[in-house]
Amino acid sequence: MTETDTSPAAIITNGTQKYNIKELYLQFLSQDSDLTMPIAAIESLIQILKTYNPTTSAEMINIINGSIKELTENIPNSISLRAGCDIFYRFVIKHLTSNDSNNKSISSTSFESFKSHLFDNGQLFIDRSKLSRFKIAEYGSQFIKDGDIILVHGYSRSVIQLLLHAKLKNAKKRFKVLISEGRPTNGGILTLKKLRDNDIYSNLISDTAINSILHKVDKVFVGAEGVTESGGCINLIGTSTVGILAKEKNIPFYVAAESHKFVRMFPLMPNDLPMEQDPLRFVTSGDDSKVELLLDEASLLESRKDIMDKNTKEHLLLVGDRYMTTPILDFTKYEYITAIITDLGIKTPSAISEELMNMWYD
Amino acid sequence: MSEIPTDKLSGVAEHAAKNVELVVPVDADGDLLSEPPAGLSNKELKEWKKKEKAAKRLAKKAQQTGQTVQEKEEEAILLKEKKQQQKLLQMQQEKIRLQKQKIKQEQEAINKKKKLEAQKLKMLNSSQKSNLFGHLETAQERKSSLLALASIISSSNFGKITAQGLALPSLTHLFDQSVSHVGTSSGAKTDDSDLSSSASAADYLVNMSTILPASVKKDLDTHTNELSSQIKDLIISQDLIHPTVLKLTGSYASYNIVGSTPRCLALIDAFKELVLDYSTPPGTVLNRSLTQYLSHQINFLIKSRPLSVSMGNFIRWFKQRISVLGISNDNPHGKASSVSNMKRKKIEEELKAELIEDMETFKNEKIIVAQQVIVNAACHHIPDGGCVITYGYSQVLFELFKHAKLTEKKNFKIIVIDSRPLFEGKRFVEDLQELGFTDVIYSLITSLGYIFDTMSIDCVLLGAHSILSNGFLNSRVGSAALSMTAKYHNIPVIVCCEGLKFTNRVQLDSLTFNELADPNDLVSRSEEESIVSTNINPDGHVLDDVSFIDNSSQVGVCKNLYRNNLLEQFISEREQHLKQQQLKKDELNKLNEKENGKGSQQQNNGLSGGNKGSQQQNNGADSDALLKAKSKKNKKTKDIGNWESNPSLNIFNIMYDLTPPSYISKIITEYGALPPQSVPVILRDYIK
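From first to last, the protein sequence lines stand for chains A and B. Here the first sequence stands for residues 2 to 363, numbered as in this note's numbering. Here the second sequence stands for residues 196 to 883, numbered as in this note's numbering.
Now the structure itself:
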């Protein structure tokens, strides 16, 4: 690594290193199925910094910026990893600026110490993130009462953890769980398996059947890819539909999300999210038609079991991408959310913007 | 029992004395003091002596009979009560008698007064109209005090007819008092010496007089106490007011400077000038005297319009800044006497420079840079090739559009919605066109429904007057309607607002706190004139009856010159058409009733406006009064200029309305973007 060549894009394209941040990120995710995307992003950023080992703070910031750009551009579902990148970037900037202002004379040594601190504590991030899921489970399971019927949309590790905690630890509550399929990624099937394995009475319904059964449901729990500044949540497609239906029937709608998923975004409309495929692209049965692909769906469904066994959400995402131009994420407005269960406690949607502002301004 | 201690005895005497409702002074030995209290008339003296004797007797009796003190007391109380009851009874009877008499008298008086009151009521009603906004200070109240002041400082003899055609004889007594007060308070001050300087002050205030002199006078008659005291205060501090503030007051009142941010900027600039010119009077400290001086200016300033929230926040900051001024300095300014005059002046200059610099920083930090931050954050909401809609005029939005157009080279359509009576949107459109915007639509709020139905709008961008802590947006009246329509059409409403405009106030409706503007702004005076002049064609010829129908199109054109109100034009044309028909009928009638000559005298009496006279031929002389009423009525349908004398008509010209948080998608401040529910966070953590 030469100091003259500080442009991160140049560094990465120069190809002196075998690590590519995208591969690194995917590798982290596949290694540990419990790892969330923001944490994986932070991990891979630290790894990149380790390999490049910048000697000045400007170089470090450049590397981080370039890596973040590369990562968000190359990963299709970049919302929650963006949250992780934001946190990391903010953390670095804050420390670098405070170091510079406090002791200018020894800034070089403090930079070194900060760097080593950053490298050493990589594992701490992962541990904390896993811990935060337990905290969420602890806070959230108190919402569950005996005899409840709970609706879960799609697959979320936080929600599953929460349900398991309620079943096994927290007074061994008895409740039943209704799981919606969560098309097109079909994460609901994954949820069903995990819950049934842990002796929780559960059943799977199609996404389209939610409204027909919702009046029997007592609570709705969903996870989140990201929680936005407005207090809304970005999650698997269909979540906002469930939210609206739940609001209409006055059923409490809880979002379980770790605080590192708070993302500095402010979507106004459900389609304000970055989408790789535009659902508003209309074609007839010409060259661009995907009717054949949709017909192939049947055979893909046959092979769904294999996908499930692999247990990787990312793989499912890829399958989902192939057969439809459906967006895989949507945005649920804060109006539909009763509370957000985080590792910092149970927050109302409007408290999120406070948390985010504290993160960025203090 | 036979031996009663002396102190107890004196106690008895006291009690007895009390019972006859007179405390007789008792000395230490228990003997009653014989000296009567001084300053009594003969009669009183006699009575006092009587009572003294009675008290003595009682005391003796108590001693002789050996009655216990308590028994004596009780007896006395009983007796007193009896007497009182009797007295009360008598009084009550008398009262009833009196009341009956009174009621009779009152009834008579009421009957007498009824006619008088009916007449008075008309006058009163116009000033005591609906109390929907009765708690708010009206523009009339504000301006009448300004006008009064203007008239005073522009004329040496009070109560004279002034430049505005305003006679205020009812105020003379007030001024006499206050002027004498001024004379005593500020030493040798003569009217003549002040004339030259104050005449210019009056000039500043001239252009704000949209109020009829009559209404001012009426105001002063009805609110004399409250208003006159305010005016008095103003008059007393009149010579303290800085010319910049006078000028500013004029600009505010005449809406030359309008909008929360421009007003605040102008205020900061004015205060800078004011501080520069200020010199601390001897014997006081800058911190204290400047604050006092400022409050004089502000008292005057709020007579033009109430302070905006941004101005209020600035003033609060500024006063706080003054209060800590020079405290950190090494040689405190407070030791004025020990420091030499020269040094003192030098310190003062330094402090003033410090203040001015701080104000400049405040302006940059809270308004100019804040706006840049907001613009950068909000710019991505304007899509290239999209369409945004806005309301009235907002400085931060102007900056935003400027940035999007010139810096980011975006092409987009802007729809500016506007409303009466300020027409701020017109200014906005002009400013935008100067920037080179080609795709601007200007429309009135009445066409809101059509615009939202037909055009594909990406977002609503609004400025703010203030943001309340419960998330409500306080903005120019009409914004709420726009937001509501946008919400209905699922279009996001984005508010751009500097942190300076956040306030801790909570408000649930726009009635409790609002600014009442001049109702006469809604009843346009120029329109009344245009009605008179409508029947004059562009060449200046008065159109006669014969050529009227042929030239109707010309009239239409002519009317358009004066006002663009098609509906009004249509109505008046329709009326004229009807009158024309009436005229024809009348002519027929005339043929039939030639003997009825009286009515025909009034035909075509040369009225250029609308042939009002032509109606009057119908029924002859006996219905003259009725016809007058009719013609009056006709006038009313055209204009409500006579609303002041009409007790059943209220005109409210409010300045702001509240947009509930449910209509607002996002508020963009320099601290970041937030939903309206999170406004308290900003107030709590970032605004100190």
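Cβ coordinates follow ideal geometry from the N, Cα and C atoms, glycine included.
Check: CB-CB length for L882 (chain B) against G694 (chain B), believed under 8 angstroms; Outcome: Note that residue 882 (chain B) is Ile in the sequence shown here, rather than Leu. Going by Cβ atoms, the distance from I882 (chain B) to G694 (chain B) rounds to 6 angstroms, so yes, they are a contact pair.
Check: Coil, strand or helix - G85 (chain A) by DSSP; Outcome: helix
Check: M650 (chain B) versus G587 (chain B): straight-line alpha-carbon distance, rounded; Outcome: 19 angstroms
Check: Buried or exposed by the 16-neighbour rule on C-beta atoms within 10 Å, applied to Q142 (chain B); Outcome: Past the boundaries of the shown model lies residue 142 (chain B); chain B is included only from 196 to 883, so the question cannot be answered.
Check: DSSP three-state assignment for S117 (chain A), whether helix, strand or coil; Outcome: helix
Check: Cutoff 7 angstroms: E355 (chain A) Cβ touching any chain B Cβ; Outcome: yes
Check: Cβ of L281 (chain A) within 7 angstroms of any chain B Cβ; Outcome: no
Check: Sequence-distant residues of the same chain with beta carbon closer than 6 angstroms to L196 (chain A), five excluded per side; Outcome: V178 and S203
Check: Beta-carbon gap between H576 (chain B) and C691 (chain B) smaller than 7 angstroms; Outcome: no
Check: Limits of the unbroken beta strand (DSSP E) element including R671 (chain B); Outcome: L668 to R671
Check: N-terminal and C-terminal residue of the beta strand (DSSP E) that K561 (chain B) is part of; Outcome: Run containing K561 (chain B): none; DSSP gives neither H nor E here.
Check: Where A816 (chain B) falls: helix, strand or coil (DSSP); Outcome: Interpretation of A816 (chain B) is limited by its pLDDT of 46, a score under 50 that renders its predicted location unreliable; no figure is taken from the coordinates.
Check: G580 (chain B) beta carbon near the ligand SAM (any heavy atom closer than 6 angstroms); Outcome: Looking at this structure, you won't find the ligand SAM or any other ligand, since it has none at all.
Check: For A659 (chain B) and C86 (chain A), the rounded distance between their alpha carbons; Outcome: 34 angstroms
Check: Contact list for the segment 227–240 of chain A against chain B, Cβ threshold 7 angstroms; Outcome: E230, S231 and G232
Check: Short CB-CB distance (under 7 angstroms) between S351 (chain A) and chain B; Outcome: yes
Check: Contact with chain A by G867 (chain B), beta-carbon distance below 7 angstroms; Outcome: yes
Check: Uninterrupted alpha helix (DSSP H) stretches inside the segment 156–225 of chain A (no shorter than 4 residues); Outcome: 158–165, 188–198 and 211–214
Check: Against chain B: residues of the segment 247–270 of chain A by CB proximity under 9 angstroms; Outcome: R265, F267, L269 and M270
Check: Alpha-carbon spacing of G454 (chain B) relative to L72 (chain A), whole angstroms; Outcome: 45 angstroms
Check: Interface partners of M358 (chain A) on chain B, CB under 9 angstroms; Outcome: Y866, G867, L869, S873, V876, I877, D880 and Y881
Check: Euclidean distance between Cα positions of G354 (chain B) and T641 (chain B); Outcome: Because G354 (chain B) sits at a pLDDT of 38, beneath the cut-off of 50, its placement in the model cannot be relied upon, and the point is left open.
Check: Rounded Cβ spacing between H166 (chain A) and S142 (chain A) (contact assumed at less than 8 angstroms); Outcome: 5 angstroms
Check: Within chain B, the residues that Y335 (chain A) reaches when beta carbons sit closer than 8 angstroms; Outcome: P870 and Q872
Check: Contacting positions in the segment 834–862 of chain B - beta carbon closer than 7 angstroms to chain A; Outcome: S860 and K861
Check: is_contact[P578 (chain B), chain A] using C-beta, thresh 7 angstroms; Outcome: no
Check: Reduced DSSP category for H437 (chain B) - H, G, I as helix; E, B as strand; rest coil; Outcome: coil
Check: Beta carbon proximity, P687 (chain B) to chain A, threshold 7 angstroms; Outcome: yes
Check: Distance between Y337 (chain A) and I245 (chain A) (C-alpha atoms, nearest Å); Outcome: 6 angstroms
Check: 8 angstroms contact criterion, which P871 (chain B) and I862 (chain B) should meet: CB distance rounded; Outcome: 6 angstroms
Check: Sheet register partners of S638 (chain B) (DSSP bridge); Outcome: B:I612
Check: Proximal residues to I43 (chain A) (C-beta, below 6 angstroms), its chain only, five neighbours per side dropped; Outcome: G85, F89 and F126
Check: Residue from B:I584, B:L677 and B:M554 whose Cα sits closest to the Cα of Y637 (chain B); Outcome: B:I584
Check: Buried versus exposed call for K173 (chain A) [16 or more other C-beta atoms within 10 Å across all chains shown]; Outcome: exposed
Check: Neighbour-count burial assignment, V672 (chain B), 16 or more Cβ in a 10 Å radius; Outcome: buried
Check: Through-space distance from E545 (chain B) to E865 (chain B), alpha-carbon basis; Outcome: 32 angstroms
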